[in-house]
Amino acid sequence: MSWRLWVPLLLFAGFLGLAGYQLSRPRNDFVESRMIGEKLPFFELRPATSDRPGIASVQFADGKPRLLNIWASWCLPCIAEAPQLERLQESGAEIVGVAIRDRPEDVARFLERHGNPYTAIGLDDLSEVQLGIGSSGVPETFVIDGQGRIVYQHIGDIRAKDVPILVEKLGKLGK
Amino acid sequence: MIAELGLAALWLAAALAALQLLTGALAVRAGADGAEIAALTRPAAVLQGVLAGFAFAMLLWVFAVTDLSVKLVASNSHSMKPLIYKLSGAWGNHEGSMLLWVTVMALAGGLIALVERRLPERTMQATLSAQGFVALGFYAFLLLSSNPFERLPVPAAEGLGLNPLLQDIGLAFHPPTLYFGYVGLSIAFSFAVGALVTRQVTPDFASAMRPWVLGAWVFLTLGITAGSYWAYYELGWGGWWFWDPVENASLMPWLAATALLHSASVLAARDALRAWTIMLGVVAFSMSMVGTFLVRSGILTSVHAFAVDPERGTFILFLLMLYIGGALLLFALRAGTVTEGTRFAVASREGALVFNNVMLSATLAIVLLGTLYPLLTEAFDVRVSVGPPYFNPVGAIFVIPMLLVMAVGPLLRWRQDGFGRISRELALIGALILAGLVLFAVIGGIDLLPLLGLALAGALAVASFLPLKGRKLRRTPIAIWGMVVAHFGIAVALFGMASESAFSQERLAAVRIGEATQVGPWTITLAGVAPVAGPNWTAIEGRIEASYDGGEPRVLRPQARNFWAPPQETTESELATRWNGQLYAVIGNEAGDGRWQLRLWWKPFVTLIWYGGVLVALGGVLALIGRVLGDIRRRGFRRRLADRRAEALA
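One line per chain: the protein sequences are A and B, in this order.
FYI, in the working numbering the residues of the first sequence are 1 to 175.
FYI, in the working numbering the residues of the second sequence are 1001 to 1650.
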């Protein structure tokens, strides 16, 4: 009879062990795009500002590798990322932006305050492009080769240490 | 200054909890010699309650005046928010909600220290000591890892707002309602531990514990009902229960509390089921702690992921280990020496209640297993999600027999009875179920579970009133009325659930302005779409004219809202409620060619789900009033008896 009284404690110990094990594991919330290695899906986005054109997927097949930056004026990490994008631009990278669920006036204010490294910015009102290329958050940056193929995905804001990596990826494609 | 006062009160309250733990434990050890030390325990518990209440009042204050030098205010409030949401912001976050939890727990502890006199003093000391132990853990959690009164080095210029999904009057009061429930169960837990320590598991113990279980159960019922309605109209998915881990986390303590409530009744009335009641007391509180842990730690993915923090999860897990592990260890060591109490026959009130307890516990196990299963498989790097295809049929295996016995059990007498005595009632219930089955089967096109649900609901509704048969209604105890109303509420909610599942109709349509579409008996015309603005959001608002069966059209205005601090999109569904159901309308995006996405549902009798929930809670309130009044009357009677004896002796 008395061994049965220990069953609840044993079950509970099992739960504790399981939960403790799960807690101790590093949590990976980054969802990698399955589109890496694939061609960009078809899209056309209207311009987000008056002084830069919008973007369309066909433009990426002109032989020139580019960075495609998914961002938004309402996103705080994007502010942190802005200086690194400027440095990328200075090192010769061409960056096109996709502004997610944004308004032109907010985009303009953001670029005025934090700099404008983009050659073109499209407005993605419904996150269509974002979902289409397999991005699950802002900011994310994709390296696109000269044939419009997605080569590399950087999840989260670009830190100073990431800049050389992205420059190298672009450099390889350039040759 | 206000924040510092609050913090100081919190530290003092923690010190008093430690004192209460210590003096209670020493008094239990010393037994009869410990009277001097024991005299400290009750005042410590009362003062602890007062101080915790004071600390919470200070938190409300800094939120009311939007003191942006307090980190919690700066990160969760905003000067432009309406006052009610400023106040609800005080507990709409991790630190504040934990303080609310501790406060209610301390107040409840103070209350039992003040009023509970029927238990042997030694058991009472053990109970208060256990209560101090539980409280101390929460104080440590608050003070060491989630100080709600932390100041910012530099005051913020403006607050960061509240999650816009949470800016909703229902939701402002949903978590506190559940907390009251959890806290009530923590008191039941302390009683169970106290009784286990002194091995005095008596009917008095059950009567002392029962009001707390009842109160907790009422709050849990209301919390679950409100939470379900919130998910229904706020998430805009048209469903009312998603078997989401967080929903399950609130359902599991409810199932355990329901079982505990019934087994405590057996113990109070018949002095049976002693060890089982203790076990349920421990399990019920465990379930609220496990639920809190699952919600806060974020180890399960859920729509409620706004409260996630793994480090805090570790802390709660540690508390769980101490409380529950400790209590279960005590149970393993002691329960063998708690005698089983009075025997009874299978065909008796106790027999039915035991059956109900086993079924409830099995349902609880099913829900617990389904909730934890993803956790188990993830340890082997397999991601699964367990949903309605598991919970509904597997749960039904145990719920349906339980409901059947729920119809019959209250008709049986205590201790020993025969089914022959109630054969007419049994025949009536059986005939009603059969009639329901035939009726709804003739309608056709209904799945098995909803069909059983509809048939059972009708029979249950009638059966829940049968215990009143032969009683003088005005002299029937309030607690009996409570049972009748609660059981009737279950039948009502069951009918709503089954009807929603059997008869709902859905229409997803893309319509131009001026075009009409049909869902069920409704004709829906999109009359216009216009932008609207609120205090911290803008929205696209559709104007929909809905006419039921060709009648006078009603105007519905569902919105797709954009909040800007922080940026987030939500859908505000609109409901047209009739006595026989609800029309549920959601507006989506423009399709691009001038057509708008409309999602429409016609859900016959869906509102009965929540009316039923409210009835169940009302039944609980009635039972609680009945029990408390009974206790007061009995206490007055005992006092008069004692007075008379004293007079006679003099």
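Beta carbons are placed, not taken as given, at the ideal position from N, Cα and C, and that holds for glycine.
Within the same chain, Thr1177, Phe1180 and Gly1181 come within 6 Å of phenylalanine 1219 of chain B by CB-CB distance, once the 5 residues on both sides are set aside.
Under the Cβ criterion (8 Å, minimum of three pairs), the stretch 1019-1032 of chain B does not count as touching the stretch 116-127 of chain A. Within chain A, not a single residue places a beta-carbon under 8 Å from that of phenylalanine 1344 of chain B; the smallest gap is close to 20 Å.
When the Cα atoms are used, glycine 132 of chain A and glutamine 89 of chain A turn out to be separated by approximately 25 Å.
Looking at the DSSP output, alanine 99 of chain A shares a beta bridge with A:Trp71 and A:Leu123. In the three-state DSSP reduction, proline 65 of chain A falls in the coil class, being neither helix nor strand.
Within the stretch 1612-1623 of chain B, not one residue has a Cβ closer than 9 Å to any Cβ of chain A. In the three-state reduction of the DSSP assignment, glycine 146 of chain A falls in the coil class. Taking 7 Å as the threshold, the shortest C-beta distance from leucine 1600 of chain B to chain A does not fall below it. Aspartate 1033 of chain B and alanine 1039 of chain B have their C-alpha atoms roughly 12 Å apart. DSSP places isoleucine 155 of chain A within a strand segment (E or B) once states are collapsed to three. The bridge partners DSSP lists for glycine 1528 of chain B are B:Arg1543.
Under DSSP, alanine 1272 of chain B shares a beta bridge with B:Gly1341.
Using a Cβ distance threshold of 7 Å, leucine 1068 of chain B and glutamate 1095 of chain B do not count as a contacting pair.
Secondary structure in the stretch 1460-1532 of chain B: the beta strand (DSSP E) runs of 3 residues or longer, each lying completely within the stretch, are 1505-1512 and 1516-1519 in chain order. Rounded to whole angstroms, the Cβ separation of glycine 1636 of chain B and isoleucine 1478 of chain B is 17 Å, and the two are not in contact under 8 Å. Cβ neighbours of arginine 1199 of chain B within its own chain (closer than 8 Å, five residues either side excluded): Arg1334, Thr1337 and Val1338. Within 8 Å of the CB of phenylalanine 12 of chain A, the CB atoms of chain B belong to Ser1286, Ile1324, Gly1325 and Leu1328, in sequence order along the chain.
For aspartate 1447 of chain B, the closest C-alpha among the options B:Met1497, B:Leu1329, B:Arg1599 and B:Val1408 is that of B:Met1497. When the five nearest sequence neighbours on each side are left out, the beta carbons in the same chain lying within less than 7 Å of the beta carbon of histidine 1262 of chain B are those of Leu1353, Asn1356 and Asn1357, in order along the chain.
Annotation for leucine 1426 of chain B: Val1408 and Phe1419 place their beta carbon closer than 7 Å to its own, counting only its chain and skipping 5 residues before and after.
At a cut-off of 7 Å between beta-carbon atoms, threonine 1525 of chain B makes no contact with chain A.
Secondary structure at glutamine 1582 of chain B: strand, using DSSP grouped into helix, strand and coil.
Taking CB atoms only, threonine 1476 of chain B has no neighbour in chain A less than 7 Å away.
Around the beta carbon of threonine 1577 of chain B, a 10 Å sphere encloses fewer than 16 other beta carbons of the protein chains shown; the residue is thus reported as exposed. Residues of the stretch 1581-1596 of chain B with a C-beta atom less than 8 Å from some C-beta of chain A are Asn1589, listed in chain order.
Burial is judged here by how many other beta carbons sit within 10 angstroms of a residue's own beta carbon; isoleucine 1609 of chain B has at least 16 and is buried. Unbroken alpha helix (DSSP H) runs of no fewer than 4 residues, entirely contained in the stretch 1080-1132 of chain B, are found at 1083-1089 and 1094-1115, following chain order.
With a 10 Å radius around the Cβ and a threshold of 16 neighbouring Cβ atoms, tyrosine 1085 of chain B comes out buried.
The beta carbon of glutamate 1552 of chain B sits closer than 8 Å to no other beta carbon from its chain once the five residues preceding and following it are set aside. Looking at the backbone, the Cα of alanine 80 of chain A and that of aspartate 157 of chain A are separated by about 7 Å. Only buried fits asparagine 1076 of chain B, as 16 or more other CB atoms lie within 10 angstroms of its CB.
The alpha-carbon separation between threonine 1538 of chain B and alanine 1530 of chain B amounts to approximately 11 Å. Valine 1102 of chain B sits away from phenylalanine 1054 of chain B, with the two beta carbons spaced by 7 Å or more.
For the pair alanine 1455 of chain B and valine 1367 of chain B, the Cα-to-Cα distance works out to about 24 Å. Around the beta carbon of asparagine 1580 of chain B, fewer than 16 other beta carbons lie within 10 angstroms, which makes this residue exposed.
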